[in-house]
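Residue numbers (the working numbering): 13 to 113.
For every residue, glycine included, the Cβ atom is placed at its ideal position computed from N, Cα and C.
These numbers come from a predicted model, not from an experiment.
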């Protein structure tokens, strides 16, 4: 899937900046800390349903000339009521990685 992120200006002196965007067409909202590369966001069901069903946390690599940016981390899926196809997917924590070419 595609992860699309827009970073916004944070409060004066803030180490981290707010982010918004989409992943698998679902809206996301969270923060990115340029100094450390830390990235964290919540995935919502839809633009009209603000229920959070996944939480993603990871780190962005440093920019190196002629090399792609990479993100790696984990995400937690919830809520779950033991019914196949419930919101969030299979309950638990999973790793993820992404590359920007």
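- When only Cα atoms are considered, residue 76 and residue 104 end up about 34 Å apart.
- DSSP places residue 34 in the strand class (E or B) of the three-state scheme.
- Between the alpha carbons of residue 57 and residue 88 lies a distance of about 14 Å.
- Uninterrupted beta strand (DSSP E) stretches at least 3 residues long and entirely within the region 48–72 occur at 50–56, 64–72, given in chain order.
- One alpha carbon belongs to residue 41, the other to residue 35, and they sit about 10 Å apart.
- Going by C-alpha positions, residue 48 is about 9 Å away from residue 27.
- The DSSP-derived three-state label of residue 43 is strand.
- Counting other Cβ atoms within 10 Å of its Cβ, residue 20 stays below 16 and is therefore classed as exposed.
- For residue 89, the enclosing beta strand (DSSP E) has its first and last residue at 81–89.
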